[in-house]
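Let me begin by presenting the structure, written as structure tokens, before commenting on it.
There are 2 protein chains.
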Amino acid sequence: MRQLPAPTPSELKILQCLWHHGPATVRSVHERISADEGLSYTTTLKQMQIMHGKGLVERDDSQRAHVFKAAIGEAETQQTMLNDFMSRVYEGSASRLVMQALGISHPASASELEEIDRLVQKLRADTRPGAE
Amino acid sequence: MRQLPAPTPSELKILQCLWHHGPATVRSVHERISADEGLSYTTTLKQMQIMHGKGLVERDDSQRAHVFKAAIGEAETQQTMLNDFMSRVYEGSASRLVMQALGISHPASASELEEIDRLVQKLRADTRPGAE
DNA sequence: CTAGAAGTACGAATTACTTCGTTGTGAATG
DNA sequence: CATTCACAACGAAGTAATTCGTACTTCTAG
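Residue numbers (my numbering), protein chains in the order written: chain A, 1 to 132; chain B, 1001 to 1132.
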């Protein structure tokens, strides 16, 4: 069962922390994300409780300091958010989005461009046939 | 002077209406966007007043029915929102965003892929030289 | 001139997000 | 054993976005 509510900006920060560093306590997450911003510990705690309520994270409360882990995948979440963003902002046109994204500053390194190139070639091959 | 606050979702709908159909009265905008959703006329009016307050639209009130036009450009707005989205969701990696965008269903037609292809080739050429 | 239509302005309610202080509880330490 | 520390739980406040109803104004038929 997917399609949980999309994470809000601050929820996303916490999820990124869990995705990149694995399951963690509130304290641990808090120390990572409050390196930038000056938030209270209880702010992080509350967020993670809300996220648990929404089903965005799972909680192991067998220890006194509960351990949280992301309940949704990173790529999957990005994909959902991207689809929403693309329809809202680009009215569904992936190509316009891609072109603007590639136009920005130095988005992609040579090797990344190579990878994108391969993908485009593959898509062009797939698209040619009458395909559904 | 750019960098106005990014439009909210409902503000974006109104801007899209103005971008695509040119300057218009509240009534005209309302009829277009409430085709989908069942909103009150005063809701649209209020939104446009707020947008005027924020500087997102300009208003010609020489006629009784004020005529609004977008005060920011479409591409420019998309670019700003894309930059924000890319840093929030993809931590600044344009290539990951692009690859996911291209991976979706069959978003781009053959001719669009061709265009993207050209852009990628151009970027690869530009990127090769030690460039700044 | 008056009634109604069409417009604008404004206030207010609702919801969601973010933030923080306070409280209670269990563990650890002197 | 009493104090302190770390933690979870909660309530509450502040802000922003969205929505709508009401009131006021202006134009136009009759």
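Every residue gets a Cβ at the ideal spot worked out from N, C-alpha and C, and that includes glycine.
- What are the boundary residues of the beta strand (DSSP E) that Arg1059 (chain B) is part of? 1057-1060
- Task: Consult DSSP for Gly43 (chain A) and reduce its assignment to one of helix, strand or coil.
- Result: One point to set straight first is that residue 43 (chain A) is Thr, not Gly, in the sequence displayed. Helix, per DSSP.
- Item | CB contact check: Ile116 (chain A) to chain B, cutoff 9 Å | yes
- Of the choices B:Val1120, B:Gln1047, B:Thr1043, B:Val1057, whose alpha-carbon is the least far from that of Thr1077 (chain B)? B:Val1057
- Please confirm whether Ala1075 (chain B) and Val98 (chain A) have their CB atoms less than 9 Å apart. no
- Beta-carbon separation of Leu1004 (chain B) and Ala1070 (chain B) under 9 Å? no
- Task: Note down, in chain order, every chain B residue with its Cβ under 9 Å from the Cβ of Ala35 (chain A).
- Result: The contacting residues do not exist; Ala35 (chain A) stays about 15 Å from chain B at best.
- Task: Measure from the C-beta of Tyr41 (chain A) to each C-beta in chain B and report whether the shortest distance is under 9 Å.
- Result: no
- Below-9 Å beta-carbon distance, Leu1004 (chain B) vs any chain A residue: no
- Query: Residues of chain B with a CB under 7 Å from the CB of Val29 (chain A): which are they?
  - Reply: The contacting residues do not exist; Val29 (chain A) stays about 16 Å from chain B at best.
- Any idea if His30 (chain A) is buried or exposed, counting beta-carbon neighbours within 10 angstroms, 16 or more meaning buried? buried
- Task: Assign Ala1101 (chain B) to one of three DSSP states: helix, strand, or coil.
- Result: helix
- Task: Work out the CA separation of Phe1085 (chain B) and Asp1036 (chain B) for me, nearest whole Å.
- Result: 26 Å
- Kindly give me the distance between the Cβ atoms of Val1067 (chain B) and Thr1025 (chain B), rounded to whole angstroms, as I take these residues to be in contact under 8 Å. 6 Å
- Could you tell me which residues DSSP puts in a beta bridge with Glu24 (chain A)? One point to set straight first is that residue 24 (chain A) is Ala, not Glu, in the sequence displayed. According to DSSP, which records beta bridges pairwise, Ala24 (chain A) is partnered with A:Phe68.
- Task: With Ser109 (chain A) as the anchor, note down where its alpha helix (DSSP H) starts and where it stops.
- Result: No alpha helix (DSSP H) holds Ser109 (chain A); DSSP gives it neither H nor E.
- Message: Counting only Cβ pairs nearer than 7 Å, list the residues of chain B close to Gln100 (chain A).
- Response: Gln1078, Gln1079, Leu1082
- Hey, Ala1065 (chain B) and Arg1027 (chain B) are a contact pair by Cβ (cut 8 Å); roughly how many whole angstroms apart? 7 Å
- Item | Residue burial classification, Arg96 (chain A) (beta-carbon count within 10 angstroms, cutoff 16) | buried
- Per-residue contacts from Leu12 (chain A) into chain B (C-beta, under 9 Å): Arg1088, Val1089
- Query: Is the CB of Gln121 (chain A) under 9 Å away from at least one CB in chain B?
  - Reply: yes
- Using a cut-off of 8 Å between C-beta atoms, extract the partners of Leu1113 (chain B) located in chain A. Ser95, Val120, Leu123, Arg124, Thr127
- Give a yes or no on whether 9 Å exceeds the smallest Cβ distance from Gln47 (chain A) to chain B. no
- Query: At which residues does the alpha helix (DSSP H) containing Thr1008 (chain B) begin and terminate?
  - Reply: Unbroken run through Thr1008 (chain B): none, as it is neither H nor E.
- Task: Please list the partners that Phe1085 (chain B) has in chain A, where partner means a Cβ-to-Cβ separation under 7 Å.
- Result: Phe85
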